[in-house]
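Notes to accompany the following structure.
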Amino acid sequence: MRTVGIIGGSFNPPHAGHLHIGAEAKRLTGADEIWLWVSRNIFKDASEYAPLPARMHACQLLTQGLDWVKPVGIEKDFYDTMTATSMTMLAAMYPCTRFIWIFGDDNFSAFHTWNREMFSVDGKVVQDWQYLLNSFPIAVMHRPGYREKALQSVAHAYGQKMFLEDPSALSRSQYGWAFLDNETMTV
132 MRTVGIIGGS FNPPHAGHLH IGAEAKRLTG ADEIWLWVSR NIFKDASEYA PLPARMHACQ
192 LLTQGLDWVK PVGIEKDFYD TMTATSMTML AAMYPCTRFI WIFGDDNFSA FHTWNREMFS
252 VDGKVVQDWQ YLLNSFPIAV MHRPGYREKA LQSVAHAYGQ KMFLEDPSAL SRSQYGWAFL
312 DNETMTV
């Protein structure tokens, strides 16, 4: 089974830091490929960033000649752009691919606020963050100043039984999560 790491974001603009975290996530998880998931940020006013075609073009220029990373804008065709919905649709579209959701300590520490209730786990409707933890491998990248908050988060407490010590296990797991002790950079 092929493994693809997903880094979602508005990429407004894409930069060397995005490539760096992609390379680190690939190295530490063992993913075959990284997709830069160019999306709409529901927390930002659309007038604050470039249109999707311009951001996709910028990502294509940034990744030109790199065979391990690919910009994708497929979410524009989905009926909603919430991560739980998008990951579920993506998994259905590519049943022979394991997708790893990749985000930072900062997002993990606030993961419990992804509280829409649309999907179920073991027959019970749960909040999106709980569904994601129970349904997909998740890589939590180190972001300076946020690891302690991530360690004290609601998601950390809830997900203890799903925690994987070895991040490379994410490429072989149906679900679970791991902290990545990636090299950081300032961009």
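Going by the working numbering, the first residue of the sequence shown is number 132, and it counts up by one from there. Here a beta-carbon is modelled for each residue, glycine too, at the ideal position from N, C-alpha and C.
Within the same chain, Cβ atoms closer than 7 Å to the Cβ of Met316 are found at Gly148, His151, the five residues on either side in sequence being excluded. In the structure shown, the three-state DSSP call for Leu295 is coil. Spatial neighbours of Ser284 in its own chain (CB-CB distance under 8 Å, excluding positions within 5 residues in sequence) are listed in chain order as Phe239, Ser240, Ala241, Phe242, His243. For Met249, the enclosing beta strand (DSSP E) begins and ends at 248-252. Here DSSP, grouped into helix, strand and coil, assigns Glu314 to coil. In the displayed model, Phe267 falls within coil according to three-state DSSP, outside both helix and strand.
Around Val200, the same chain offers Gly153, Ile165, Thr194 as residues with beta carbons nearer than 6 Å, after the five sequence neighbours per side are excluded.
In this structure, the CA atom of Asn172 is about 6 Å from the CA atom of Ser141. With a beta-carbon spacing of about 18 Å, Ala300 and Ala286 fall beyond the 8 Å limit used to define contacts. Cβ-Cβ distances below 8 Å link Met132 to Cys227, Thr228, Arg229 in the same chain, with the five nearest sequence neighbours on each side left out; the list follows chain order. The beta carbon of Glu206 sits closer than 7 Å to the beta carbons of Trp168, Ser170, Thr212, Ser217 from its chain, once the five residues preceding and following it are set aside; these are given in chain order. The residue among Asp208, Lys255, Asp198, Asp259 with its C-alpha nearest the C-alpha of Ala162 is Asp198. When secondary structure is reduced to three states using DSSP, Leu167 falls in the strand class.
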